[in-house]
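Peer 1: Dumping the structure here so I can ask a few things about it.
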Amino acid sequence: MSNQFQVDPGLGASVQPQASVKSVPQHLPELDGLRAVASLGIIVTHVSFQTGTGWGFAGRFDYFVAVFFALSAFLLWRRRGLHTLSGYARSRVARLLPAYYACVVAVMLLLPDAHSLTLTQLLSNLTSTQIYVVDGLAPGLTHLWSLCVEFFFYLALPLLVWLLDALPRRWRVAAIALGAVVSWAWGFVPFVADYAKDQVNSQIWPPAYASWFAVGMLAAECEEAGVSRRVQRALRPRWAWWLVAAVVLWGASREWFGPQGLIHPEPAEFSRRIMAGAAFAAVVVVPVALAPREKSWLTSPLMQALGTWSYSIFLWHVAILGLAFPLTGVPLFSGKPLDFWVILAVTVVATVVVSAASYTLIERPGRDLLLGRRRKDRPRPRHTSS
1 MSNQFQVDPG LGASVQPQAS VKSVPQHLPE LDGLRAVASL GIIVTHVSFQ
51 TGTGWGFAGR FDYFVAVFFA LSAFLLWRRR GLHTLSGYAR SRVARLLPAY
101 YACVVAVMLL LPDAHSLTLT QLLSNLTSTQ IYVVDGLAPG LTHLWSLCVE
151 FFFYLALPLL VWLLDALPRR WRVAAIALGA VVSWAWGFVP FVADYAKDQV
201 NSQIWPPAYA SWFAVGMLAA ECEEAGVSRR VQRALRPRWA WWLVAAVVLW
251 GASREWFGPQ GLIHPEPAEF SRRIMAGAAF AAVVVVPVAL APREKSWLTS
301 PLMQALGTWS YSIFLWHVAI LGLAFPLTGV PLFSGKPLDF WVILAVTVVA
351 TVVVSAASYT LIERPGRDLL LGRRRKDRPR PRHTSS
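Using UniProt numbering, you'd call the opening residue of the sequence shown number 1 and step up by one each time.
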C-alpha cells in the first residue's frame with residue numbers, strides 16, 4: 001500500500017511530492033521480514049514474564065515495540081505527500097480496524113479471564129483509549145497499550161507533515177531530532193512523575209515514545225537525501241549491528257539500569273529505558289532500511305509470510321498465551337526453563353496458525369472491502385507493516 005498523503009485542497013493547504021521522494025524504492029521486502037522478527041520478539045518477552053524465568057535479557061525483548069514504531073514511522077514518512085488526507089485516513093482505518101475489532105471482540109466474548117471486564121475496560125478497548133483511563137487494560141488485551149500510542153502517531157502524522165515539510169531538510173531533521181531529545185524528559189513532567197497506583201499511568205502516553213518514531217522519520221530523511229556508499233558499507237555487516245543490539249538489550253536488562261518487569265520506574269529510570277529503546281530501534285532498523293538487500297534471510301518465503309501476518313500475530317498472541325497454560329498444564333510463573341520453551345513453542349505455533357487465518361479471512365478482506373477493491377484488482381502487498 002502507498003504510504004504518503006497530501007492535505008486536501010479543501011482544507012486550505014497541500015504538500016506536494018518531491019522528486020527525491022519518488023526515486024526511493026517503493027518496496028523493501030526485508031522490512032517485512034524485520035516486522036516478523038519484531039512480532040516474535042514480543043512473544044518471547046511476554047512468555048518469559050508469564051513463565052517467571054527471571055531472564056532480564058528476554059524481558060527486554062519488549063524493545064521490539066520500538067522496532068515496530070520506527071518501522072511504521074520510516075514507511076509512512078518516506079512516502080509522505082502522495083495521497084490526500086482523506087485517502088490516508090481511509091487507508092489507516094482499512095489497514096488496522098478490521099483485525100483489531102475482530103481480536104478485541106473475540107477476546108471479550110471467548111477468553112474466560114475477560115468475562116469480568118468493567119464497562120470502562122469494554123469501552124476503552126473498543127475505542128483504543130485504554131491508556132487514558134484508570135484500569136483500562138483488559139485481560140488478553142493488555143499489550144494493546146502500544147497500539148494506542150501508534151494510533152496517536154497516525155493521527156498526528158498529517159499535522160507533522162504540514163508543520164515540518166515546509167522547512168528545509170536541514171531544519172526538518174533538526175526539529176525531529178530535537179523533539180526526540182525533548183521527549184526524554186516526559187517522565188519528569190510533574191503530573192507524570194506524581195503517579196499513584198489508583199491513577200492513570202501517564203508515563204506510557206504517546207509523547208514518551210516520540211524518539212522511537214523519530215528513529216524511523218530520521219532514517220527516511222537520510223534515505224531521501226541519499227545514502228553515501230561509505231555509509232552503506234558501514235551498515236552492511238548486519239551481524240555487527242545485531243551484536244550492538246544485543247549489547248543494548250543486555251545493558252538495559254541489568255538491575256543497575258532500571259527495574260525489570262512491571263515495577264513502575266522512576267523518571268530517570270524511565271528516561272534511560274526510552275533512550276535505550278531508541279538506540280535498539282536504530283541499530284536494528286537503520287541498517288536494513290538504508291542498506292537493503294534483495295536477498296537475505298529476511299526475504300525468505302517464511303519471513304515474508306510471517307511479516308504479512310505480523311499485525312495479526314501481535315494482536316492475538318497474548319490471548320493465545322493465556323490459553324497455553326491450561327492447555328499444557330504448565331503453572332504460571334513456575335520459573336522453570338523447560339516451561340518457558342514449552343509455552344513459547346505452543347504460543348508461537350498456535351498464534352501463527354490463528355494469525356494466518358485472521359489475515360486471510362478478516363484482515364485482508366476487511367481492508368479490501370473498506371478500500372473498495374475487488375479481488376482481481378488487489379495489488380501486490382507492499383509493506384503490510386505500515
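No residue lacks a Cβ here, since even glycine has one placed at the ideal position from N, Cα and C. Remember, predicted model here, so these are calculated numbers, not experimental data.
Indicate, with yes or no, if the ligand NAP has a heavy atom lying under 6 Å from the CB of alanine 138.
Peer 2: The ligand NAP is not part of the structure shown, which contains no ligands of any sort.
Peer 1: Considering only residues of the same chain and omitting the five flanking positions on each side of leucine 117, which have a CB-CB separation below 6 Å?
Peer 2: Residue 117 sits at position 117 when you count from the first residue of the sequence shown. So the qualifying residues of the chain are Ala138.
Peer 1: Apply the 10 Å Cβ neighbour rule to arginine 233 and answer buried if 16 or more other Cβ atoms are within range, or exposed otherwise.
Peer 2: For this step, residue 233 is matched to residue 233 along the sequence shown. Per the 10 Å Cβ criterion, exposed.
Peer 1: Enumerate, from N- to C-terminal direction, the unbroken alpha helix (DSSP H) stretches of 4 or more residues contained entirely within the stretch 193 to 276.
Peer 2: Whole alpha helix (DSSP H) segments, 4+ residues: 210 to 225, 229 to 235 and 238 to 252.
Peer 1: For glutamate 221, collect the residues of the same chain with a Cβ closer than 8 Å to its Cβ; drop the 5 residues on either side in sequence, then sort them by chain order.
Peer 2: Sequence index remark: in the sequence shown, residue 221 carries index 221 (1-based). Hits under 8 Å: Trp77, Arg169, Arg172, Val173 and Ile176.
Peer 1: Please report the distance separating the alpha-carbon of glycine 277 from that of threonine 120.
Peer 2: Stepping through the sequence shown from its first residue, residue 277 is reached at position 277. Stepping through the sequence shown from its first residue, residue 120 is reached at position 120. If you take the alpha carbons of glycine 277 and threonine 120, they lie about 31 Å apart.
Peer 1: First and last residue of the alpha helix (DSSP H) that includes glutamate 150?
Peer 2: Position 150 of the sequence shown, counted from the start, is the residue given in the question as residue 150. 145 to 164 is the span of the alpha helix (DSSP H), which, as asked, contains glutamate 150.
Peer 1: Rounded to whole angstroms, what's the CA-CA distance from valine 215 to leucine 144? Just pull it up for me.
Peer 2: If you number the sequence shown from 1, residue 215 lands on position 215. If you number the sequence shown from 1, residue 144 lands on position 144. Answer to the nearest angstrom: the Cα atoms are 21 Å apart.
Peer 1: Quick check on glutamate 255: buried or exposed, where buried means 16 or more other Cβ atoms within 10 Å of its Cβ?
Peer 2: As a position in the sequence shown, residue 255 is number 255, starting the count at 1. Counting Cβ neighbours within 10 Å, glutamate 255 comes out exposed, since fewer than 16 surround it.
Peer 1: Touching or not, the stretch 32 to 40 and the stretch 60 to 76, by the rule of three or more beta carbon pairs under 8 Å?
Peer 2: Enough Cβ pairs lie closer than 8 Å, so yes.
Peer 1: Report yes or no: do the stretch 96 to 103 and the stretch 355 to 372 share at least 3 C-beta pairs separated by less than 8 Å?
Peer 2: At 8 Å Cβ cutoff, the stretches touch.
Peer 1: What is the C-beta distance between threonine 45 and aspartate 62, in whole angstroms, given that I count them as a contact (C-beta under 8 Å)?
Peer 2: In the sequence shown, counting from the first residue as 1, residue 45 sits at position 45. In the sequence shown, counting from the first residue as 1, residue 62 sits at position 62. At roughly 5 Å, the Cβ-Cβ gap stays under 8 Å, so threonine 45 and aspartate 62 are in contact.
Peer 1: Rank Phe191, Trp212 and Ser211 by C-alpha distance to the C-alpha of glutamine 203 and give the top, closest one.
Peer 2: For this step, residue 203 is matched to residue 203 along the sequence shown. The shortest Cα separation from glutamine 203 among Phe191, Trp212 and Ser211 belongs to Phe191.
Peer 1: For leucine 159, which residues in the same chain have their Cβ closer than 8 Å to its Cβ, ignoring the five residues on either side in sequence?
Peer 2: One-based indexing of the sequence shown puts residue 159 at position 159. Result list for leucine 159: empty, nothing under 8 Å.
Peer 1: From leucine 178 to serine 271, what distance separates their C-alpha atoms?
Peer 2: Position 178 of the sequence shown, counted from the first residue, corresponds to residue 178. Position 271 of the sequence shown, counted from the first residue, corresponds to residue 271. Each residue's Cα considered, the two are about 15 Å apart.
Peer 1: Considering only residues of the same chain and omitting the five flanking positions on each side of proline 337, which have a CB-CB separation below 8 Å?
Peer 2: Taking the sequence shown and counting its residues from 1, one reaches residue 337 at position 337. So the list reads Thr53, once near-sequence residues are dropped.
Peer 1: Looking at C-alpha atoms only, which residue of Gly41, Phe49, Leu40 and Ala225 is the closest neighbour of arginine 332?
Peer 2: Here residue 332 is taken as the residue at index 332 of the sequence shown, counted from 1. At residue 332 the sequence reads leucine, which differs from the arginine that was named. Answer by Cα proximity: Phe49.
Peer 1: Among the residues of its own chain, which have a CB less than 8 Å from the CB of tryptophan 184, if the five just before and after it don't count?
Peer 2: Taking the first residue of the sequence shown as 1, we reach residue 184 at position 184. The answer, listed in chain order, is Ser211, Ser271, Ile274 and Met275.
Peer 1: Between valine 133 and the rest of its own chain, which residues show a CB-CB distance below 8 Å, the 5 nearest in sequence each way excluded?
Peer 2: Locating residue 133 in the sequence shown gives position 133, counting from the first residue. So the qualifying residues of the chain are Thr120, Ser124 and Val200.
Peer 1: With respect to the alpha helix (DSSP H) encompassing tyrosine 311, which residues constitute its N-terminal and C-terminal limits?
Peer 2: For this step, residue 311 is matched to residue 311 along the sequence shown. Unbroken alpha helix (DSSP H) run through tyrosine 311: 301 to 328.
Peer 1: Across the stretch 281 to 301 and the stretch 340 to 359, are there enough close Cβ pairs to call them in contact, namely three or more that are closer than 8 Å?
Peer 2: Contact between the stretch 281 to 301 and the stretch 340 to 359 is absent, because fewer than three Cβ pairs lie under 8 Å.
Peer 1: Look at the alpha carbon of alanine 240 and the alpha carbon of leucine 75, and state the distance between them as a whole number of angstroms.
Peer 2: Counting from 1 along the sequence shown, the entry for residue 240 is found at position 240. Counting from 1 along the sequence shown, the entry for residue 75 is found at position 75. Going by the C-alpha atoms only, they are around 24 Å apart.
Peer 1: Figure out for me which residue from Val67, Val189 and Thr84 has the closest Cα to the Cα of alanine 268.
Peer 2: Looking up residue 268 in the sequence shown gives position 268. Nearest C-alpha to alanine 268: Val189.
Peer 1: Relative to the C-alpha of isoleucine 320, which residue among Asp198, Ile263 and Leu111 is closest?
Peer 2: Taking the first residue of the sequence shown as 1, we reach residue 320 at position 320. The residue with the shortest Cα to Cα distance from isoleucine 320 is Leu111.
Peer 1: Measure the beta-carbon distance from valine 47 to leucine 315 and round it to whole angstroms, keeping in mind my assumption that it falls under 8 Å.
Peer 2: To locate residue 47, count along the sequence shown from 1; it is residue 47. To locate residue 315, count along the sequence shown from 1; it is residue 315. In fact, because the Cβ distance is near 16 Å, the residues do not count as touching under 8 Å.
Peer 1: Alanine 208 and valine 248 - do their beta-carbons sit closer together than 7 Å?
Peer 2: Here residue 248 refers to the residue found at position 248 when the sequence shown is read from its first residue. Here residue 208 refers to the residue found at position 208 when the sequence shown is read from its first residue. Not a contact, by the Cβ cut-off of 7 Å.
Peer 1: Starting from phenylalanine 42, trace the alpha helix (DSSP H) both ways and give me its first and last residue.
Peer 2: Position 42 of the sequence shown, counted from the start, is the residue given in the question as residue 42. Residue 42 is actually isoleucine in this sequence, not phenylalanine. Element bounds for isoleucine 42: 29 to 50.
Peer 1: Would you check if the distance between the CB atom of leucine 243 and the CB atom of proline 287 is smaller than 7 Å?
Peer 2: The count along the sequence shown starts at 1 and reaches residue 243 at position 243. The count along the sequence shown starts at 1 and reaches residue 287 at position 287. The answer is no: Cβ separation not under 7 Å.
Peer 1: Would you call the CB atoms of threonine 347 and alanine 324 closer than 7 Å?
Peer 2: For this step, residue 347 is matched to residue 347 along the sequence shown. For this step, residue 324 is matched to residue 324 along the sequence shown. In this structure, alanine 324 lies closer than 7 Å to threonine 347 by Cβ.
Peer 1: Whose CA, out of Glu224, Arg238, Leu290 and Ser146, lies closest to the CA of phenylalanine 64?
Peer 2: Taking the sequence shown and counting its residues from 1, the one referred to as residue 64 is at position 64. Phenylalanine 64 has its Cα closest to that of Ser146, out of Glu224, Arg238, Leu290 and Ser146.
Peer 1: Are the CB atoms of valine 107 and alanine 114 nearer to each other than 7 Å?
Peer 2: Position 107 of the sequence shown holds residue 107. Position 114 of the sequence shown holds residue 114. The answer is yes: Cβ separation under 7 Å.
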